[in-house]
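Numbering-wise (this note's numbering), the sequence shown opens with residue 720 and increments by one. Backbone N, C-alpha and C define an ideal beta-carbon position, used for all residues, glycine too.
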Amino acid sequence: MLEKTQKPNLNGKSQAVIRIRVEFAKSETMRFTSHLDLYRAWERLLRRAGIPLVFSQGYNPRPKLQLAAPLPLGITSRAEIIDFWSTESPFVVDTIKLQLVESAPPGIEIQTIEMIDPAAPPLQKKVVAAQYQVTLLDNVRDLDRKIEALLAAESIMRERRGKTYDLRPLVKELSEVPGDPQHLIMLLNAGEGSTGRPEEVLLALGIQPENTCIERTRLIFHDS
């Protein structure tokens with residue numbers, strides 16, 4: 720259902736505010752673009768598209784954008800999600816999609832667009848898990864046995880940024896693609912403060928991440 724709110728403009732008059740959710744792919748061209756730089760890329764994209772945006776308050780106003788979950792460097796994705804707030808008419812969603820498609824830089828591929836409740840919870844607070852597909856560039860011996868051992872472990876202690884943590888609770892699912900031992904599917908926790916990283920899972924399996932291609936294929940929300 721299309722919804723909008725009212726926000727005072729600089730003249731004190733209220734204006735319609737809509738919230739637009741875009742699902743997009745982050746392809747090979749942008750695989751080494753950081754989370755912060757992806758924000759900046761979207762700011763430039765929206766400016767080029769000529770979409771009127773809602774800005775934050777304070778001394779350094781910024782366009783109001785929300786990316787669902789950070790994507791580690793070197794990983795592509797077919798399932799990224801961003802929300803932005805606009806003062807556009809709520810009846811031009813198809814036009815907005817066309818503007819985004821025409822203005823998107825190489826590496827950002829617009830997939831779907833919808834309008835949601837502007838007062839809905841922040842995207843970051845709704846993500847609970849992320850699914851990844853891993854392509855193995857080399858043969859890995861006894862991979863099925865290594866996966867079984869990882870899933871059977873009570874804990875898998877790893878270190879990240881000088882802090883020790885248990886990887887095991889962050890791995891929800893892990894398996895080979897049926898009939899295709901060169902591909903793995905992993906479902907990892909993506910909650911705030913407890914996010915599983917696919918490269919850490921690979922290292923726990925004895926696989927060097929640089930010998931793989933990793934793609935995020937799905938983000939899962941608590942109300943899915």
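Item                                                                                                                                                                    : Value
With burial defined as no fewer than 16 other Cβ atoms inside 10 Å of the residue's Cβ, what is the status of Q725: buried or exposed?                                  : Reliability of the predicted coordinates at Q725 is poor, the pLDDT of 46 falling under 50, and the value obtained from them is presented with this limitation in mind. Q725 should be labelled exposed.
Please state the DSSP three-state secondary structure of A798.                                                                                                          : strand
Within 10 angstroms of the Cβ of E919, are there 16 or more other Cβ atoms? Answer buried if so, exposed if not.                                                        : buried
Look up V812 in the DSSP assignment and say whether it is helix, strand or coil.                                                                                        : helix
Among all the DSSP beta bridges, which residues are the ones paired with F751?                                                                                          : In DSSP, F751 forms no bridge with anything.
Pick from N930, A871 and S796: whose alpha carbon is nearest that of I827?                                                                                              : S796
Please determine if the stretch 744-755 and the stretch 818-833 are in contact, where contact requires at least 3 C-beta pairs separated by less than 8 Å.              : yes
With a threshold of 16 other CB atoms inside 10 Å of the CB of L856, please say whether the residue is buried or exposed.                                               : exposed
To which residues does DSSP link P782 through a beta bridge?                                                                                                            : F774
Could you say which of P782, Q776 and Y778 lies nearest to I770 if we only look at CA atoms?                                                                            : P782
What does DSSP give as the partner residue(s) for G912 in the beta ladder?                                                                                              : DSSP, once it has assigned bridges, lists no residue as partnering G912.
When the Cα of P897 is compared with those of D863, G910 and L924, which residue comes out closest?                                                                     : D863
Can you list, in chain order, the residues of its chain with a C-beta nearer than 7 Å to that of S805? Leave out the 5 residues immediately preceding and following it. : I737, I739, I770, P771, L772 and V773
For M905, count the other beta carbons within 10 Å of its own beta carbon; 16 or more makes it buried, fewer makes it exposed. Which is it?                             : buried
Evaluate the contact criterion for the stretch 931-942 versus the stretch 835-847: three or more CB pairs, one atom per stretch, below 8 Å.                             : yes
Considering only the alpha carbon of each residue, which of Q776, L819 and D813 lies closest to A760?                                                                   : L819
Between the stretch 787-803 and the stretch 747-757, can you find at least three pairs of beta-carbon atoms closer than 8 Å?                                            : yes
Looking at the unbroken beta strand (DSSP E) that takes in D885, where does it start and where does it end?                                                             : K882 to D885
So, with DSSP's three-state summary, where would you put I926?                                                                                                          : coil
Measuring straight from C-alpha to C-alpha, what distance separates L869 and I933?                                                                                      : 19 Å
Identify the residues that DSSP records as bridge partners of R879: which are they?                                                                                     : K882
Within its chain, find whatever has a CB closer than 8 Å to the CB of L924; leave out the 5 residues flanking it on each side and keep chain order.                     : V859, L862, K865, I866 and L869
Can you give me the C-alpha to C-alpha distance between K891 and A909, rounded to a whole angstrom?                                                                     : 10 Å
Please determine, among L765, V853, E895 and M834, the residue with the shortest C-alpha to C-alpha distance to A689.                                                   : Residue 689 lies beyond the range of the chain shown here (720 to 943); nothing can be said about it.
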